[in-house]
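Data block below; observations after.
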Amino acid sequence: MICRIEIKDKDGIFDAAGHGVLRDIADMGVASVVDVRVVQVFILEGDFSLPDADRIARELLVDPVAQDYRITGKPVAEPFVVSSAVRSRVAEVAYNPGVMDPVETTTLKGIADMRVAGIKSVRTARQFVIGGTVSDKEFELIKDKALMNKLIQHAVKDPADSFRTVVLDRVTKAVPAVAVVPLKGLSAKKLTALAACGQLYLNANEMKAIQAHFDGKGRAPTDIELETIAQTWSEHCHHKTFRGDIRYTVKHKGKAKTELIQNLLKNTIVKATTTLNKSWCVSVFHDNAGIVKFDNEYNMCFKAETHNHPSALEPFGGANTGVGGVIRDILGTGLGAKPVCNTDIFCFAPPDFPADKLPAGVLHPKRVMKGVVSGVRDYGNKMGIPTVNGAVCFHEHFVGNPLVFCGTIGLIPKGKDKKAARKGDLVVVAGGRTGRDGIHGATFSSGELTHESEVVSSGAVQIGNPIEEKKVLDVLMQARDQGLFTALTDCGAGGLSSAVGEMGEVLGARVDLDKVPLKYQGLHYTEIWISESQERMVMAVSPSKIATLKALFASENVELAVIGTYTGTGRLELYYHAVRVCDLDMSFMHGGIPKIAKEAVWAEPRHKEPKFACPADLLPKLEEVLADYNVCSKEAIIRRYDHEVQGGSVVKPLVGPACDGPSDASVIRPRLDSKKGIAVSNGINPRFGLIDPYWMAGSVIDEAIRQIVAVGGDIPTIAILDNFCWGNPDKPDRLGGLVRAAKGCHDFAVAYATPFISGKDSFYNEYTDKGRSIAIPGTLLISAMAIVSDVAKAVTMDFKKAGSLIYAVGKTYDELGGSVYFKTFGALGNAVPQVRPAEALAAYTALAGAIRRGLVLAAHDCSEGGLAVALAEMAFAGGFGANAILGAVPFEGTARRDDTVLFSESNSRFLVEVDPSRQKAFAQAMAGVPVGLIGRVQQAPELFVYGLKDNLCLKAKVHALKETWKKPLQF
Amino acid sequence: MPQKVRVLVLRTAGTNCNVETAFAFTHGGAVVDEVHLERVFAGEVKLADYHILALPGGFSYGDDIASGRIFANELRLRLGKDIARFIDDKKLIIGICNGFQILVKAGILPGPFAPEASGQQTVTLTNNDSGKFEDRWTYLKVEGHSVWTRGLKDVIYIPVAHGEGKFIPANDQLMKALAANGQVAFRYVCADGARGGYPHNPNGAVDDVAGITDATGRILGLMPHPERHFHFTQHPFWTRLKAEGGHDRAALGDGAQIFANGINYVKENLL
């Protein structure tokens, strides 16, 4: 029989889910809806009795205190909840056939626990009763945009659907014949067309290389061989832009100078690390994550990834699996690391972006933001990994391509950092099952998005199940400690194709694709091979250890399957039901890609320089800057993340007595029995890059470092990561900016002696609408981590005491280019902040010494909004007032004005609070560093800032400033 | 050799606060085993060998269907007799966050627990009024007469991190009875101990209830995480307190006493 169990909140119980949907609908600009109620639906199918169903409802599905239910065996016209509104419409949303809903699996487990037999399947759905006078058009919009994700869900049209058995389409038991793709004699044009039609994203040169390779073998490639090469050679997996040749031309004052760069990565990022040659770098650039020394027993590793394209199409799922993916990177680093914290950085278009100006096929940035935050919250919280650090940037040009950076730090025992599969080891896949989700993710992210992406690439969206990954984590750490595998990696972009391809790069491997556990039958062998289904890890296991490994995984209900062998033949051989479908040379896969020479051009842009007199009263400007989306409080986001799980929290993202001050870096204590900590921070500023990507690179490296310094991190232990998100690198102007940023990375990493230990790039962040291409501002994220040798000496940014002295550390320059202050005048300007590493490093070292000696009560870095914002934030975070004299701020330059001193975003600066009793010691500690005693902390919560002519240029109530700063981003 | 206090920290798919919960007990000198539920089902580990059962926070089975539901059913249906015996033996149980949700949904809290009776759940923990998961610090007024709360200050400061923490009793009489019996262990309050609305009460819990015990006070469930205020440096503004003086770096946080109480009770009564 089939029966339908409907569950609603009892009268008088607040329907939180319905209320949330109501808010989402209001955000979409639909004002006619007055209330929303939600009914949870479970559809049971099998051989059971009605009393069985009733018991399942009562004991498993329904909360007896808060909910009511009804069971039906056929469609009932009356909905189970009645809207309070006069008119209402009902929509029911169910998962598409074949999409894995974790709730269904859990429900089946719950039923098994109850020893009720005969239930064959469980389906879930949600019914929404939308109250209000809603037009047909509005109703369709609400369904499409607020109630479901069309990629995985659908609106139920016929109520009788509940009572029909679901038959998966495309289910076929027959073994498909091996398909070959003839390439012989095809022209470059035809080859390109073939690549495009198969979503391979390979260019003509690459297709020609493949053609030549198979011509030499005297046969045509099979479909799966072509797919495998496309995955391996994709920008996502191979980093063709960074590793290829670039002809880089600098145009300056009518002259052009060209240089050939062979392998940009090696000549900039990697070169910096090689030059620095730090003894504490354990493993850099060749594993999933960079590994550096932590203490005598553990090393720590760090990786940051992007998941931009999937998040543009489906914000929740995209961000969700972005977090899941980077966590798996850490799980698969060396022989397995334990994740200890996450960091998540986003770039969106402003949430108040006019809805009527949205390009076709693009989701509204507010919806993107809510979805992304929820996706990160869901995965991070459920994995039990604290999300301790992040940033959110806003710019109109992120409208078609939001950026979602996910980073994870892990701890790994010493001696577990090396891995190598051995000949004869078994290929083992563990964790989640393989389905049709996430097909073509790696290649899809190697092309630009269009309004058709939502339809064409729908398969590229993966669906996350964090609990599955948590199970894998739990059991994997035990297997690692027992030495049950020789090599390990995650299944990420490219799926098994990439994972097995990488692990078997030297040895070669044979895989029987029909041995891979599937979510449902009917997958083509190519789909099995390239699917990016989540929560899977691949191991190399000695045959002598396989029984122990299997038993261990089974003991915690984690599925594992032996799917092949590392052969030692140097070939990749794939079989499907004993038929060979692929036979590729590993050497061709990994070495056969033709080098491409891309053109890059850099010409310094000239932006309009705003001209205006310094306002006499700077309070309105400070308010405007504080309320800017880039500056304002991100508390609404931070609170949704569990930032304290694992119990190691020391400096939280929110600090001060009201727990709402914006911390610089965060500090965690990853081993609860040790006083040693890790500080984690990030630097990002796309606006600087619009002026000059070189100085953007310098600035964001400096920002990440100075935040570490501000909380008391050890400077000589700082390791950094690069994440480049750029537009289409085949366009010379985009690539020119990238080269400049990469050069900046090299120069400043060397200057600060902070090695890069890992990195990642994401290109083609462009959106084509009506023939016009919108590129994102080239964006570089620098993530940093460092050791804090004694967490009890960490410092936070909130003012601590009335009467304390306030020092400005580091020089302010006339550098308002790219500042938030200029943005309030609608300008970008040209004087982008520069970096003077020698000066800065001297100041950092001195300040770190003062912090270590306990001379500093509070320290805050000056970044977006400059000194003015730093001062306001320190005051309202601590609940104190302050006075400050701008004349005492160390300044260099000719255009010295009150607003320049207050709002310039010069790098390498801090405001520091010092107890008057420590004045002398602090001055000694800072000897030789530009420092100015600019004022005092006041008990009365008011801010008084005196200008260069002793004029009172800013007077404000601290609480009012805080409100201004807290208000913009509440959702 | 003196007998040791033995603590069983039970975990399953999605449990994620087991390490720090175990640490809190280990720090107090207890012998702590973190054990997967399947090993208890398999009979490899016996509940009877322990004095304290701790159900840590997390998202057991993803909180699919409802928070703690599956784990609760497993305790009731597959380990019911062992749990009943454990309670009869005057042993201690603590459920934190997801652990509290599990205890409530299994009918172990507010109790009395009767494993064979189905549908005996009389209170619930459901969606926060904000409709959101929230991580924030809360002040808790300590009430009741539980062994777990002995010697605590009147108001303690501990964080919550949950999306389904709103306490609702089946009816008003039950709420009154719980208060009258001293079964309300913690209520969300303001810093000064006065009752306040959101966000002081972060989830809309009826009568600001943050934690309850059974009638004996030996079984405690609470939404806030005492293991997250174990070290002084977990306090959200410990740097401020340090600057104001009187900070002893060896000092422990407000939550530490709860774990010490459990260990002391066992030493005094069960060893």
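Same order as they appear, the protein sequences are chains P and X.
Numbered according to my numbering, the first sequence spans residues 420 to 1390.
Numbered according to my numbering, the second sequence spans residues 142 to 412.
Here a beta-carbon is modelled for each residue, glycine too, at the ideal position from N, C-alpha and C.
- request: Flag residue 158 of chain X as yes if its beta-carbon sits less than 9 Å from any beta-carbon of chain P, otherwise no.
  value: yes
field: Alpha-carbon spacing of residue 1318 of chain P relative to residue 1048 of chain P, whole angstroms
entry: 20 Å
query: In its own chain, which residues sit with a C-beta less than 6 Å from the C-beta of residue 544 of chain P, not counting the 5 before and 5 after it?
result: 460, 511, 513
Burial state of residue 616 of chain P (16 or more Cβ within 10 Å): exposed
message: Quick check on residue 1372 of chain P: does DSSP put it in helix, strand or coil?
response: strand
- prompt: Can the beta-carbon of residue 343 of chain X be found less than 9 Å from the beta-carbon of residue 237 of chain X?
  reply: no
query: For chain X, is any of its Cβ atoms less than 9 Å away from the one on residue 760 of chain P?
result: no
- request: Under the assumption that residue 251 of chain X contacts residue 225 of chain X (Cβ atoms under 8 Å), give the Cβ distance between them as a whole number of angstroms.
  value: In fact, because the Cβ distance is near 16 Å, the residues do not count as touching under 8 Å.
field: Endpoints, the alpha helix (DSSP H) within which residue 1043 of chain P is located
entry: 1038–1045
- prompt: Given 8 Å as the limit, is there contact between the stretch 161–179 of chain X and the stretch 366–384 of chain X, that is, 3 or more CB pairs closer than that?
  reply: yes
- request: Per DSSP, which residues does residue 301 of chain X bridge with? Please list them.
  value: X/277
message: Helix, strand or coil, according to DSSP, for residue 638 of chain P in the structure here?
response: coil
message: Spatial neighbours of residue 254 of chain X within its chain, please: C-beta separation below 7 Å, excluding the five flanking residues on both sides.
response: 224, 225, 228, 248
- prompt: Near residue 309 of chain X, what residues of its chain come up, given a Cβ to Cβ distance below 7 Å and the 5 sequence neighbours on each side ignored?
  reply: 264, 265, 267, 347
query: Along chain P, which residues have their Cβ under 7 Å away from the Cβ of residue 207 of chain X?
result: 482
- prompt: Taking the beta strand (DSSP E) that residue 674 of chain P falls in, what are its first and last residues?
  reply: 674–681
query: Would the beta-carbon of residue 305 of chain X fall within 9 Å of that of residue 213 of chain X?
result: no
- prompt: Grouping DSSP H, G and I as helix and E and B as strand, with all else coil, what is residue 1023 of chain P?
  reply: coil
task: Under 6 Å Cβ to Cβ from residue 676 of chain P, same chain only, skipping five residues before and after it: list those, please.
output: 669
message: What does the alpha-carbon distance come out to for the pair residue 1037 of chain P and residue 1366 of chain P?
response: 10 Å
- prompt: Measuring CA to CA, which of P/1195, P/1304, P/946 is closest to residue 643 of chain P?
  reply: P/946
- prompt: Is the CB-CB distance between residue 490 of chain P and residue 476 of chain P below 9 Å?
  reply: yes
Cβ distance (whole Å) where residue 659 of chain P is taken to contact residue 753 of chain P below 8 Å: About 27 Å separates the two Cβ atoms, so there is no contact after all.
- prompt: Where do the ends of the beta strand (DSSP E) carrying residue 1181 of chain P lie?
  reply: 1175–1181
field: Reference residue 671 of chain P, options P/1122, P/1025, P/523, closest by Cα
entry: P/1025
query: To which residues does DSSP link residue 352 of chain X through a beta bridge?
result: X/327, X/363
field: Buried versus exposed call for residue 1326 of chain P [16 or more other C-beta atoms within 10 Å across all chains shown]
entry: buried
- request: Evaluate contact between the stretch 1192–1209 of chain P and the stretch 1097–1110 of chain P, counting only Cβ atoms and requiring at least three cross-stretch pairs below 8 Å.
  value: yes
- request: Measuring alpha carbon to alpha carbon, tell me which of P/666, P/767, P/963, P/657 ends up nearest residue 705 of chain P.
  value: P/657
- prompt: Does the beta carbon of residue 763 of chain P fall short of 8 Å from some heavy atom of the ligand MN?
  reply: Of ligands this structure carries none, so the ligand MN is not represented either.
message: If the cut-off is 8 Å on Cβ atoms, which residues from the stretch 944–973 of chain P count as contacting chain X, listed in chain order?
response: none
message: I need the straight-line Cα distance from residue 496 of chain P to residue 422 of chain P, nearest angstrom please.
response: 15 Å
task: Assuming residue 911 of chain P and residue 917 of chain P form a contact by the criterion Cβ under 8 Å, report the distance between their Cβ atoms to the nearest whole angstrom.
output: 7 Å
query: In chain order, what residues of the same chain lie with their CB nearer than 7 Å to the CB of residue 1028 of chain P, ignoring the 5 residues before and after it?
result: 1248, 1249
field: Same chain, Cβ closer than 8 Å to residue 589 of chain P, neighbours up to 5 away in sequence not counted
entry: Because residue 589 of chain P carries a pLDDT of 49, less than 50, the predicted location of this residue cannot be relied on, and no value is offered for it.
- request: Measure from the alpha carbon of residue 435 of chain P to the alpha carbon of each residue in P/524, P/547, P/518, then state which is nearest.
  value: P/547
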